[in-house]
Amino acid sequence: MAFFTQELAIDLGTANTVIFKDGEVVLDEPSIIALESKTDKLVAIGTEAQQMEDLTPPRIYTVRPLMNGVIADYDAAEKMLTGFIKKATGGRKGIFKPALKIVIGIPGGSTPVDMRSIRDSASHAGAHDVFMIYEPMASAMGIGLDVMVPKGSMVVDIGGGTTEIAVISLGGIVESASIHVAGNEITTDIIDYLAQQHSISIGRTTGEEIKCAVGSVLMELPEDEEPEDYVVVARNMVTAHPSQASISYKEVCSCIDKTISKIESEIIKVLQRVPPAGHRQALLGQGEYPLPCGRRSPQGRRTRHLPRPRRHRQVSVFDELIMA
172 MAFFTQELAI
182 DLGTANTVIF
192 KDGEVVLDEP
202 SIIALESKTD
212 KLVAIGTEAQ
222 QMEDLTPPRI
232 YTVRPLMNGV
242 IADYDAAEKM
252 LTGFIKKATG
262 GRKGIFKPAL
272 KIVIGIPGGS
282 TPVDMRSIRD
292 SASHAGAHDV
302 FMIYEPMASA
312 MGIGLDVMVP
322 KGSMVVDIGG
332 GTTEIAVISL
342 GGIVESASIH
352 VAGNEITTDI
362 IDYLAQQHSI
372 SIGRTTGEEI
382 KCAVGSVLME
392 LPEDEEPEDY
402 VVVARNMVTA
412 HPSQASISYK
422 EVCSCIDKTI
432 SKIESEIIKV
442 LQRVPPAGHR
452 QALLGQGEYP
462 LPCGRRSPQG
472 RRTRHLPRPR
482 RHRQVSVFDE
492 LIMA
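Basically the working numbering = 1-based index in the sequence shown + 171.
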């Protein structure tokens with residue numbers, strides 16, 4: 172049967188797309204493409220397209236097809252999916268092309284229109300069968316959580332465009348929330364902070380590097396966990412000359428505090444809607460944008476932090492659904 176079918180699990184994220192095949196991650200690239208301005212012909216995809224972002228000549232422009240976890244540009248999403256699937260499958264060359272079976276993770280707040288767009292994009296990209304699963308459930312299954320037991324477990328998946336919050340029990344989602352406050356907003360906070368406090372202009376790529384290097388949600392860390400200051404060299408907004416600044420994890424913590432508080436507030440709202448018996452465990456996952464120094468828990472609840480939860484999501488989708 173494996174000769175006639177190929178099975179893929181896809182995490183179609185706002186910032187990154189990850190594809191899982193045959194027990195391993197075969198693709199992990201930014202969700203972006205580069206197109207020709209006149210013909211809309213595909214020029215580059217993924218990592219190559221990201222390198223062109225903000226540096227393209229007039230004849231080329233870059234597009235991020237997803238916004239807040241859902242498809243914002245249908246045509247661009249179809250081209251991106253087609254390109255990523257070709258990379259993951261090696262182009263499916265030969266006389267007899269195997270049928271493609273795909274499972275895609277979707278945000279918990281997806282509407283029927285959103286789901287239809289994702290299904291159509293995958294079908295036009297070459298998928299024979301398309302299945303969808305809510306991302307919080309996929310995350311829980313991927314980390315080995317027994318979702319069928321009568322015990323409430325919370326999953327918080329901070330992606331690029333959305334934060335998915337869900338309490339899972341007995342194979343279903345008891346309560347959930349999907350908010351458009353996530354990694355992209357944290358990056359914006361860092362960019363704005365450098366502009367206001369250091370008069371330095373940086374791009375999103377540098378902002379994400381700073382976030383991953385010295386991102387923290389705690390103002391005080393043990394000495395052995397304190398990351399080294401990140402040195403930024405960028406254009407000074409006043410003189411236009413190259414300027415250098417050293418950014419500490421405490422500065423990052425301060426500038427992203429409002430965004431983190433929004434996520435915490437939504438977590439508490441979900442917990443307030445859960446019956447008292449469901450308050451057992453919380454699993455906090457930093458999906459697209461892991462904060463290496465993040466250890467803050469809402470209202471002191473027991474938490475478990477996952478270093479690379481995004482990888483777990485593909486494992487769960489593939490093993491639990493495709494093989495069923």
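Built from N, CA and C at the ideal position, the CB exists for glycine as well.
Please report the distance separating the alpha-carbon of ILE357 from that of LEU392.
Walking along the sequence shown from the start, residue 357 turns up at place 186. Walking along the sequence shown from the start, residue 392 turns up at place 221. For ILE357 and LEU392, the distance between alpha carbons rounds to 20 Å.
Element boundaries [beta strand (DSSP E), containing MET325]:
Locating residue 325 in the sequence shown gives position 154, counting from the first residue. For MET325, the uninterrupted beta strand (DSSP E) segment begins and ends at 324-329.
Please go through the same chain and pick out, in chain order, the residues whose beta-carbon is closer than 6 Å to the beta-carbon of VAL241, but skip the five residues on each side of it.
Residue numbering aside, residue 241 sits at position 70 when the sequence shown is read from its first letter. Correct list, in chain order: ASP285.
Decide if ILE183 is buried, meaning its Cβ has at least 16 other Cβ atoms within 10 Å, or exposed.
Counting from 1 along the sequence shown, the entry for residue 183 is found at position 12. Position check: residue 183 holds Leu in this sequence, whereas Ile was assumed. LEU183 is buried by the Cβ-count criterion.
Same chain, Cβ closer than 8 Å to ALA259, five either side skipped, listed in chain order:
In the sequence shown, residue 259 corresponds to position 88, counting from 1. Around ALA259: LEU179, ILE190, LYS192, VAL197, LEU198.
Suppose the cutoff is 6 Å on Cβ atoms and the five residues either side in sequence are ignored; what does the same chain contact list for VAL205 look like?
Residue numbering aside, residue 205 sits at position 34 when the sequence shown is read from its first letter. Checking the sequence, you will find Ala at residue 205 rather than Val. If we look at ALA205 and ignore the five residues flanking it on each side, its Cβ neighbours are VAL214, ALA215, ALA220, MET223, ILE231, THR233.
VAL345 and GLY323: beta carbons closer than 8 Å?
By one-based count along the sequence shown, residue 345 stands at place 174. By one-based count along the sequence shown, residue 323 stands at place 152. GLY323 is positioned such that its CB atom lies closer than 8 Å to that of VAL345.
Measuring only from the beta carbon, is SER310 closer than 7 Å to any heavy atom that is part of the ligand ZN?
The model on display carries no ligand, and the ligand ZN is accordingly not part of it.
By Cβ distance below 7 Å, which residues in the same chain neighbour ALA243 in space, the five residues on each side in sequence not counted?
Counted from its first residue, the sequence shown places residue 243 at position 72. Within the same chain, ALA243 has close Cβ partners PRO236, LEU237.
Would you check if the distance between the CB atom of GLN415 and the CB atom of VAL403 is smaller than 8 Å?
Looking up residue 415 in the sequence shown gives position 244. Looking up residue 403 in the sequence shown gives position 232. Cβ atoms of GLN415 and VAL403: closer than 8 Å.
Quick check on DSSP: helix, strand or coil for PRO307?
Position 136 of the sequence shown, counted from the first residue, corresponds to residue 307. In this structure, DSSP gives PRO307 a helical state, which the three-state scheme calls helix.
Reduced DSSP category for ARG484 - H, G, I as helix; E, B as strand; rest coil
Position 313 of the sequence shown holds residue 484. Legend: pLDDT at ARG484 = 48, less than 50; position of this residue unreliable, value from coordinates given subsequently. When secondary structure is reduced to three states using DSSP, ARG484 falls in the helix class.
Element boundaries [beta strand (DSSP E), containing GLY343]:
Here residue 343 refers to the residue found at position 172 when the sequence shown is read from its first residue. Segment 343-350, the beta strand (DSSP E) holding GLY343.
Close Cβ partners of PRO463 (< 6 Å) along its chain, the five nearest in sequence each way excluded
Counting from one through the sequence shown, the residue named residue 463 turns up at place 292. Note on PRO463: pLDDT 47, under 50, position unreliable in the model; the coordinate value appears next. Cβ neighbours of PRO463 beyond the five flanking positions: none.
Relative to the C-alpha of GLY297, which candidate in ARG287, MET319, LEU252 has its C-alpha closest?
On the sequence shown, position 126 is the one that residue 297 refers to. The residue among ARG287, MET319, LEU252 with its C-alpha nearest the C-alpha of GLY297 is LEU252.
Count the other CB atoms within 10 Å of the CB of GLN485; is the residue buried (16 or more) or exposed (fewer)?
Counting from one through the sequence shown, the residue named residue 485 turns up at place 314. Here the model assigns GLN485 a pLDDT of 43, short of 50, so the residue's position is not dependable, and the following value carries that caveat. Residue environment: GLN485 is assigned as buried (16 or more neighbouring CB atoms within 10 Å of its CB, all protein chains considered).
Validate contact between the segment 377-385 and the segment 302-320 using beta carbons, cut 8 Å, 3 pairs:
Fewer than three pairs of CB atoms, one per stretch, sit closer than 8 Å, so the segment 377-385 makes no contact with the segment 302-320.
With a 10 Å radius around its C-beta and 16 neighbouring C-beta atoms as the bar for buried, classify GLY342 as buried or exposed.
Position 171 of the sequence shown, counting from 1, holds the residue named residue 342. Residue burial annotation: GLY342 is exposed, with fewer than 16 other C-beta atoms found within 10 angstroms of its C-beta.
Is the Cβ of LYS258 closer than 8 Å to any Cβ of chain D?
Of the protein chains in this structure there is only one, and it is not chain D.
Opening and closing residue of the beta strand (DSSP E) in which ALA405 lies
The count along the sequence shown starts at 1 and reaches residue 405 at position 234. 401-407 is the extent of the beta strand (DSSP E) around ALA405.
Quick check: the Cα distance between GLU200 and GLU437, rounded to an integer number of angstroms?
The residue given as residue 200 occupies position 29 in the sequence shown. The residue given as residue 437 occupies position 266 in the sequence shown. Approximately 29 Å, taken between the alpha carbons.
Who are TYR232's beta bridge partners in DSSP?
For the purposes of this step, residue 232 is taken as residue 61 along the sequence shown, with counting starting at 1. LEU206, per the DSSP bridge assignment.
State buried or exposed for LYS250, treating a residue as buried only when at least 16 other CB atoms are found within 10 Å of its CB.
For the purposes of this step, residue 250 is taken as the residue at position 79 of the sequence shown. Classification of LYS250: buried, given that the 10 Å Cβ count is 16 or more.
What separation, rounded to the nearest whole angstrom, lies between the Cα atoms of PRO278 and THR410?
In the sequence shown, the residue the question calls residue 278 occupies position 107. In the sequence shown, the residue the question calls residue 410 occupies position 239. Distance between the alpha carbons of PRO278 and THR410: 44 Å.
Can you round the beta-carbon distance between LYS433 and VAL352 to whole angstroms, since I take them to be within the 8 Å contact cut?
Counting from 1 along the sequence shown, the entry for residue 433 is found at position 262. Counting from 1 along the sequence shown, the entry for residue 352 is found at position 181. At roughly 5 Å, the Cβ-Cβ gap stays under 8 Å, so LYS433 and VAL352 are in contact.
To the nearest angstrom, report how far apart HIS299 and SER288 are at their CA atoms.
Position 128 of the sequence shown holds residue 299. Position 117 of the sequence shown holds residue 288. CA-CA distance, HIS299 to SER288, rounds to 16 Å.
Can you check which of these residues, ALA293, SER340, GLU335, PRO398, is closest to SER347 by C-alpha distance?
As a working mapping, residue 347 is identified with position 176 in the sequence shown. It is GLU335.
Start and end residues, beta strand (DSSP E) containing VAL338:
Reading the sequence shown from its first residue, position 167 is the one you call residue 338. In the DSSP assignment, VAL338 falls within the beta strand (DSSP E) that extends over 334-340.
State buried or exposed for MET390, treating a residue as buried only when at least 16 other CB atoms are found within 10 Å of its CB.
As a working mapping, residue 390 is identified with position 219 in the sequence shown. That one is exposed.
I'd like to know whether the C-beta atoms of SER417 and ASP400 end up nearer to each other than 8 Å.
As a position in the sequence shown, residue 417 is number 246, starting the count at 1. As a position in the sequence shown, residue 400 is number 229, starting the count at 1. SER417 places its beta carbon less than 8 Å from that of ASP400.
Supposed close pair SER292, TYR245 - CB separation, criterion 8 Å
On the sequence shown, position 121 is the one that residue 292 refers to. On the sequence shown, position 74 is the one that residue 245 refers to. Between TYR245 and SER292 the Cβ distance is about 7 Å, and since that is below 8 Å, they are a contact.
According to DSSP, residues forming a beta bridge with MET238:
By 1-based counting over the sequence shown, the position of residue 238 is 67. For MET238, the pairing in a beta bridge is given by DSSP as VAL241.
LEU442: buried (16+ other C-beta within 10 angstroms of its C-beta) or exposed?
One-based indexing of the sequence shown puts residue 442 at position 271. Per the 10 Å Cβ criterion, buried.
Tell me the DSSP bridge mates of ASN187?
Taking the first residue of the sequence shown as 1, we reach residue 187 at position 16. Residue pairing by DSSP puts ASN187 in a beta bridge opposite PRO201.
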